[in-house]
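Chains as they are written, first to last, in the numbering used here: chain A, 1 to 252; chain B, 253 to 474.
For each residue, glycine too, the CB sits at the ideal point set by N, CA and C.
Model, not experiment: these values are computed from the prediction.
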Amino acid sequence: MDKNDLPKTPSRLSDLPAAYRLAGKAIPYFWALTVASGAAGLYAAFFLALPDARQGETFRIIFLHVPASWMSLFIYLCMAFLAALALFFHARASSILLSALAPTGALFTFLSLSTGALWAKPIWGTWWVWWDARLVSELVLFFMYVGFIALASAIEDPRRADKASALLALVGVVNIPIVYFSVRWWHTLHQGYSITLTRPPAMAPVTFWGIVLCVLACTAYAAAVALMRFRNTVLDRERDAEWVRETLATGS
Amino acid sequence: MLRFIETVIRREFLLAFRRPADLISVLFFFIIASSLFPLGVWPRVDTWLQLAPGVLWVSALLATLLSLPHLFADDYRDGTLEQLVLGAYPLAFAVFGKLVAHWLVFGVSLALLAPVFAFQFDLPGHALWTLFLSLFVGTPALSSLGAIGAALTLGLRGGRVVLSLLVLPLYIPVLIFGAAAVEAALAGIDANAGISFLAALSLAGMFFTPPLIAAALHITME
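Shown next, in the form of structure tokens:
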């Protein structure tokens, strides 16, 4: 086995001190972007966007529901990409970042499901239906995140935990196209696409740009939180290393 | 290569015959679980039929879940798995043989037993046949998807709970199409669509998962 083999190319992705410092520099920018775009997006959501002709004020939950749903998919795709890096290039930094993303992904999936339920009750007249493909596949996505976190925390050896959870993340990626295309493959309760690359968005421009700002805020928030979690894990894993003692002593 | 796979399957069969308690416990779990639902629900008589496909499929799914640790745990403990990892043949072929044997021992037994216990729900004859068929062609998917989880959680403390968290979400499509096939047969509709879909899932699972399972076992054995 390649247990004691060094990675064939000691890539920069495995350079944990550099990754730790880079993350530390990036985090304030991500927080600034979160606050700025979040404030602008929420202003658009509550003051600029007009109430919907049929749904009234209820439709404003779209400004949280769509970004959360988008993030639930996007974070999983990022995790699958990092998992491939971790497995094929033995990149330690990417497997740590991968685990750092999972709780945020689970959070957004939960938000997507719960805002969807809150929106569905007044509009569809029900919190939840079991026969809608979009709803069920999103629930499966939530279970995948939970399973990932459970597996990663059940394995004590960090090397094995990294690789096993990366493999699981790659296996679970088959669910992502099912979630995305579910509204096209099965015409059930959930509506179809409103935002695509090929057509102008099926909504007022102010709503569309408000959603874009909220997506930006959620993405920046996810990046900031994941990088903070990443830094904590790096410190924990490398707690016996010289550079950690130096870094903590100088406080940088 | 084929001889190697055949040897693995033979060995698994021999082990299953020498330790019949493994299979019998799983089958009894299926019987008890599928009897608990009616006791808990206590419905009017005409709802038995509505419940039956789902209850039987969920019970079969849970029984399969309980059988998964048998795939690798014993071989892991006595060192056989290490020999297979180090052996001349790719591990994926041994895994494929184990999956086939697991299906023939556990899956086919469940498929044969389920119609017998479906009598308590008063299922008509053609629905019994569909139930058997859906389990017969659907259980390879359960074995192969479950083996991924079994390989990843091998030897972990509290591994069985984690195993169920990993595997049950993957089983959802199989459950939906399996129960839907039996429901279609009950409603007098052609159940072939569901059966074909299950067969497709099973074939894809048996073909695509052995390399993944082998990779997971390599990670575990490192």
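Measure from the C-beta of residue 310 of chain B to each C-beta in chain A and report whether the shortest distance is under 7 Å. So, not an interface residue.
Below-7 Å beta-carbon distance, residue 79 of chain A vs any chain B residue: Cβ-Cβ to chain B under 7 Å: no for residue 79 of chain A.
Applying the 10 Å Cβ sphere with the 16-neighbour rule, what's the burial state of residue 5 of chain A? Low confidence applies to residue 5 of chain A: its pLDDT is 47, below 50, so where it sits in the model is not reliable enough to give any reading.
Below 7 Å between beta carbons: does that hold for residue 117 of chain A and residue 128 of chain A? yes
Local conformation of residue 105 of chain A per DSSP, three classes: Helix.
Going along chain B, which residues have a C-beta under 7 Å from residue 143 of chain A? 421
Could you check whether the segment 368 to 376 of chain B touches the segment 317 to 336 of chain B, counting it as contact only if at least three pairs of C-beta atoms, one from each stretch, sit closer than 8 Å? no
Residues in the same chain with beta-carbon distance under 6 Å from residue 186 of chain A, minus the five sequence neighbours each way, listed in chain order, please. Around residue 186 of chain A: 133.
Just mark residue 232 of chain A as buried or exposed, buried being the case when its beta carbon has 16 or more other beta carbons within 10 Å. exposed
For residue 309 of chain B, count neighbouring C-beta atoms within 10 Å of its own C-beta (all shown protein chains included) and say buried if the count is 16 or more, exposed if not. buried
Please state the DSSP three-state secondary structure of residue 327 of chain B. Three-state DSSP puts residue 327 of chain B in a helix.
Let me check understanding here. Comparing Cα to Cα, which of A/31, A/47, A/27 lies closest to residue 207 of chain A? Of the listed residues, the one whose Cα sits closest to residue 207 of chain A is A/47.
Nearest residue (CA-CA) to residue 103 of chain A, options A/29, A/250, A/227, A/88: A/227
Can you list, in chain order, the residues of its chain whose CB lies under 6 Å from that of residue 38 of chain A, leaving out five sequence neighbours each side? 217
Let me check understanding here. Comparing Cα to Cα, which of B/332, B/367, B/288, B/403 lies closest to residue 468 of chain B? For the set B/332, B/367, B/288, B/403, the Cα lying nearest the Cα of residue 468 of chain B is the one of B/403.
Leaving aside the five residues before and after residue 223 of chain A along the sequence, list all residues of the same chain whose C-beta is less than 6 Å from its C-beta, in chain order. 30
Can you tell me the Cβ-Cβ gap for residue 173 of chain A and residue 76 of chain A, rounded? I've got them flagged as a contact below 8 Å. 7 Å
Quick one, which residues of the segment 60 to 94 of chain A are near chain B if we go by CB-CB under 7 Å, in chain order? none
Report the option in B/391, B/332, B/406 whose CA atom is closest to the CA atom of residue 429 of chain B. B/391
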